[in-house]
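Mapping of the sequence shown onto this note's numbering: position 282 corresponds to residue 286, and the numbering continues sequentially without gaps.
Beta carbons are placed, not taken as given, at the ideal position from N, Cα and C, and that holds for glycine.
Have a look at the structure below, then the notes.
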Amino acid sequence: MLISAVIPTYKREHLLKEAVESVLSQQIDDADVEVVVVNDSGEPLAVADWQQDPRVRIADTYRTERSVARNTGAALSRGDCLHFLDDDDILLPGAYAALLKPIRQAPDAVLSVGWYEAVFDEGQYVRTVEPVTDERLFAVLVAGIGIPLGACLIKRDAFFRAGCFDPTFTVMEDLDLLQRVIMLGRAEAANSTVARFRMGRHQLSTTTWELGSQACRMQREKAFQLPGCYAELRRSLRNSGASQIRGNLVRYYFGSSLRHMKAAEFFTAVDRFRMALGLAVPGLFSRKFWHGLRGRLPKELMIN
5 MLISAVIPTY
15 KREHLLKEAV
25 ESVLSQQIDD
35 ADVEVVVVND
45 SGEPLAVADW
55 QQDPRVRIAD
65 TYRTERSVAR
75 NTGAALSRGD
85 CLHFLDDDDI
95 LLPGAYAALL
105 KPIRQAPDAV
115 LSVGWYEAVF
125 DEGQYVRTVE
135 PVTDERLFAV
145 LVAGIGIPLG
155 ACLIKRDAFF
165 RAGCFDPTFT
175 VMEDLDLLQR
185 VIMLGRAEAA
195 NSTVARFRMG
205 RHQLSTTTWE
215 LGSQACRMQR
225 EKAFQLPGCY
235 AELRRSLRNS
245 GASQIRGNLV
255 RYYFGSSLRH
265 MKAAEFFTAV
275 DRFRMALGLA
285 VPGLFSRKFW
295 HGLRGRLPKE
305 LMIN
């Protein structure tokens with residue numbers, strides 16, 4: 005068994021070293037590790053000790069953005085499982101052993117998901133996050149609540165069958181990928197803290213928020229168009245703890261219907277409206293459903 009860590013980087017070599025070394029230091033029984041660093045700066049990396057490790061390979065791209073850089077690294081990798089780590093994040097000791105165990109135990113699993121430490125304010129505040137991995141996961145992802153890819157181990161064949169990263173996405177590309185991957189099989193929980201991510205708490209401009217909002221709508225519209233999406237959402241929402249997410253998704257389906265109506269795409273608009281009603285009926289008597297319909301996301305699923 006070989007795990008390939010794909011680390012795209014752009015002019016953050018002082019952080020990259022720590023990320024690479026956190027992968028190379030992993031100890032796993034009956035498994036090996038390789039690191040594919042994708043340097044997207046268009047400039048050579050400065051010489052560093054970690055580059056001499058035979059398990060490391062470096063690929064150079066030129067400002068292709070994260071999706072293309074990650075796809076490049078995945079294509080060059082040889083691993084049975086893929087791990088996508090940002091250059092400013094680190095793996096914790098024992099991470100790969102914890103992530104690999106549930107994949108080995110469940111042949112139909114397409115990915116495993118671990119807990120992670122979200123670090124805010126330069127380490128002044130750290131929160132351990134336990135992502136959803138039960139049947140609600142697909143609905144949670146479509147609602148726009150993601151899981152950092154650095155906390156996930158994805159089977160290689162599932163990644164490529166899902167179609168890799170969509171290069172048209174420069175943000176929300178992780179959500180888009182995971183939605184397609186999870187439709188191919190199950191997610192399994194590692195039940196261990198596997199990574200540390202620097203989250204930051206900085207002011208976002210109105211323009212940035214608008215771009216993020218547009219990206220959310222784009223990834224939802226793409227998800228709604230996936231064959232089998234509606235049936236998968238109905239299955240995902242059977243969980244008793246999914247009432248508020250149900251409300252969120254009904255709201256998004258109604259919004260999609262309205263946008264398609266304004267664009268004179270009447271068939272799609274009617275179809276979205278019909279699906280919204282179909283998802284709404286089971287939740288009508290739940291208070292949390294109405295909270296979700298008003299746009300409130302479940303606090304227990306949010307990072308901060």
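(request) Locate the alpha helix (DSSP H) running through valine 41, then write down its first and last residues. (result) Counting along the chain, valine 41 falls outside any alpha helix (DSSP H), though it belongs to the beta strand (DSSP E) covering 36 to 43.
(message) If contacts are defined as beta-carbon pairs under 8 Å, then valine 40 and glutamine 30 qualify, I think. What distance do you get, rounded to the angstrom?
(response) The pair is not a contact, with the Cβ atoms about 15 Å apart (cut-off 8 Å).
(request) Following the continuous alpha helix (DSSP H) through cysteine 233, name the residue where it begins and the one where it ends. (result) 233 to 240
(request) Give the C-beta separation of serine 261 and phenylalanine 228 to the nearest angstrom, bearing in mind that I take them to be a contact with Cβ-Cβ under 8 Å. (result) Between phenylalanine 228 and serine 261 the Cβ distance is about 10 Å, and since that is not below 8 Å, they are no contact.
(message) Can you tell me whether proline 12 is helix, strand or coil according to DSSP?
(response) strand
(request) Tell me whether phenylalanine 201 sits in a helix, a strand or coil according to DSSP, three-state version. (result) strand
(request) With a cut-off of 8 Å on the beta carbons, I'd call valine 198 and leucine 103 a contact; round off their distance for me. (result) 6 Å
(message) Less than 8 Å between the beta carbons of glycine 251 and glycine 287, yes or no?
(response) yes
(message) Bridge partners for lysine 159 per DSSP, in chain order?
(response) Cys85
(message) Need the endpoints of the beta strand (DSSP E) that serine 29 sits in, please.
(response) Counting along the chain, serine 29 falls outside any beta strand (DSSP E), and DSSP gives it neither H nor E.
(message) According to DSSP, phenylalanine 258 sits in a beta bridge with which residue or residues?
(response) BP columns for phenylalanine 258 are empty, so no partner.
(message) On the criterion of 16 or more Cβ atoms from any shown chain inside 10 Å, does glycine 296 qualify as buried, or is it exposed?
(response) buried
(message) Given this structure, state the Cα-to-Cα distance separating glutamate 25 from cysteine 85, to the nearest angstrom.
(response) 19 Å
(request) Ignore the nearest five residues each way along the sequence and tell me which others in glycine 77's own chain have a CB closer than 7 Å to its CB. (result) Val10, Pro12, Val40, Val42 and Ala63
(message) Taking the alpha-carbon of valine 3 as reference, which of Ala280, Gly189, Ile32 and Val133 has the nearest alpha-carbon?
(response) Nothing in the structure corresponds to residue 3, since the chain is present only between 5 and 308.
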